[in-house]
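Asker: Starting off with a structure, shown below.
Residue numbers (our numbering): 953 to 1330.
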């Protein structure tokens, strides 16, 4: 197993965990779940092929004794689950077959093979009933393949070498098929969920990055804010590298990144709701990391509010109607609304006593607007 293959397998595992984490949301979208289930099966097939090839993570060939131990581990786990099912269904015949301990496998090779075959055959015959017990055809096949590897290692060492070459070819093929599934997911995820579940899409894309030890890629990290002091983050800002069709969205903390693109001079284009679009120039060299801290210029409406008696309206609520944008006035009756959407809208002012006042506005991006309220003249 090469470092890159190991990195890709780790990435597949992260994506599978991601699909499990967001199962409730994703299961309503059949196309993505189809790819998720297929990837899970494909990832297991690849790991089984590596096991059949006789390699563990450190790259050392498994001995026939190690293959026997691995066979026992796989078969015993399945047998214990199946035994629980047999007891629950009061099937004494199958309970006798599945009720085994690790020491029961300490027999001669022929007896060992017969025992394993009996267990695997019984599992296969009752697979439908055993599915709720987390026993699948893939699990059974993995155990059977491990047993066959043990037999081959014992009786046909020359054939084992030939088989490994065939398996290596199959591994390359399986990786290509898994990558093809993820390419589909790369389109489906943002297409379906970018507007409604931006954080989920960001996490998916983060997990999609392939990590290969010892290899450094170009990496652009972006941090977006709404003020010069960097105390107010600007979440969910869309940014793209102009000319190479690479884009991302900053997360809830205003952070985002784009990895693995050619070195050179670029323009980073940023857009977001209620902020001024802007372009930022940057340069990056091969294997280097560039971090950009960007202050997005928010669309701002400010103003002052006076009460019925002409005094400053302290702690009045100020909201843009039909949005989540809102603030409270300070002791002097001043307010400041950030990230105001372009176009027409209404600002509503209210207090705890039930007094309200509403005024219309028209906002042109990047042009600060002042709107004052006076309840006395309302």
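All C-beta atoms in this analysis are idealised placements derived from N, C-alpha and C, irrespective of residue type, glycine included.
1) Given that a residue counts as buried once 16 or more other Cβ atoms are within 10 Å of its Cβ, and exposed if not, what is residue 1022?
2) Classify residue 1237 as buried or exposed, calling it buried when 16 or more other Cβ atoms lie within 10 Å of its own Cβ.
3) If you follow the beta strand (DSSP E) that residue 1260 is in, where does it begin and where does it stop?
4) Compute the Euclidean distance between the alpha carbons of residue 1209 and residue 1171, then round it to the nearest angstrom.
5) Per the DSSP calculation, residue 1250 is bridged to which residue(s)?
6) Shortest alpha-carbon distance to residue 1038 belongs to which of 1082, 1281 and 1073?
7) Could you please give the first and the last residue of the uninterrupted beta strand (DSSP E) stretch that includes residue 1054?
8) Grouping DSSP H, G and I as helix and E and B as strand, with all else coil, what is residue 894?
9) Closer than 7 Å by C-beta to residue 968: which residues in its own chain qualify, once you throw out the five before and the five after it? Chain order, please.
10) For the structure I just gave you, are there three or more beta carbon pairs, one from the stretch 1061–1075 and one from the stretch 1040–1051, closer than 8 Å?
11) With C-beta atoms as the reference, is residue 1262 less than 7 Å away from residue 1328?
12) Between the Cα of residue 1019 and the Cα atoms of 1002, 1274, 1196 and 1051, which residue gives the shortest distance?
13) Determine the closest residue to residue 1095 out of 1064, 1119, 1030 and 1147, with distance taken between C-alpha atoms.
14) Take every Cβ of the stretch 1224–1231, pair it with every Cβ of the stretch 1296–1313, and state whether three or more of those distances are shorter than 8 Å.
15) Considering only C-alpha positions, which residue in the set 1282, 987 and 1098 is nearest to residue 1136?
16) Any idea if residue 1036 is buried or exposed, counting beta-carbon neighbours within 10 angstroms, 16 or more meaning buried?
17) Check residue 986 in the structure and name its three-state DSSP category.
Answerer: According to the structure data:
1) As a working mapping, residue 1022 is identified with position 70 in the chain shown. The residue in question, residue 1022, is buried, as its Cβ has 16 or more Cβ neighbours within 10 Å.
2) Looking up residue 1237 in the chain shown gives position 285. It is exposed - the Cβ of residue 1237 has fewer than 16 other Cβ atoms within 10 Å.
3) Numbered from 1 along the chain shown, position 308 holds the residue referred to as residue 1260. Taken as a continuous stretch (DSSP letters only), residue 1260 belongs to no beta strand (DSSP E), as it is neither H nor E.
4) As a working mapping, residue 1209 is identified with position 257 in the chain shown. As a working mapping, residue 1171 is identified with position 219 in the chain shown. The straight-line gap from Cα to Cα measures roughly 7 Å.
5) For the purposes of this step, residue 1250 is taken as residue 298 along the chain shown, with counting starting at 1. Residue 1250 pairs with 1227.
6) Mapped onto the chain shown, residue 1038 falls at position 86. Selected option, being the one with the closest Cα: 1082.
7) Here residue 1054 corresponds to residue number 102 of the chain shown, with the count starting at 1. From DSSP, residue 1054 is part of no beta strand (DSSP E); its letter is neither H nor E.
8) Because the chain spans 953 through 1330 in this model, residue 894 falls outside it and cannot be assessed.
9) In the chain shown, counting from the first residue as 1, residue 968 sits at position 16. These residues qualify, in order along the chain: 991, 992 and 995.
10) yes
11) Translated into the one-based positions of the chain shown, residue 1262 becomes position 310. Translated into the one-based positions of the chain shown, residue 1328 becomes position 376. Against a cut-off of 7 Å, the Cβ pair of residue 1328 and residue 1262 comes out as a contact.
12) Counting from one through the chain shown, the residue named residue 1019 turns up at place 67. Measuring from the Cα of residue 1019, the nearest candidate turns out to be 1002.
13) Counting from 1 along the chain shown, the entry for residue 1095 is found at position 143. The candidate whose alpha carbon is nearest that of residue 1095 is 1030.
14) no
15) By one-based count along the chain shown, residue 1136 stands at place 184. Ranking 1282, 987 and 1098 by Cα distance to residue 1136 puts 987 first.
16) The residue given as residue 1036 occupies position 84 in the chain shown. Per the 10 Å Cβ criterion, exposed.
17) As a working note, residue 986 is residue 34 in the chain shown. It is helical.
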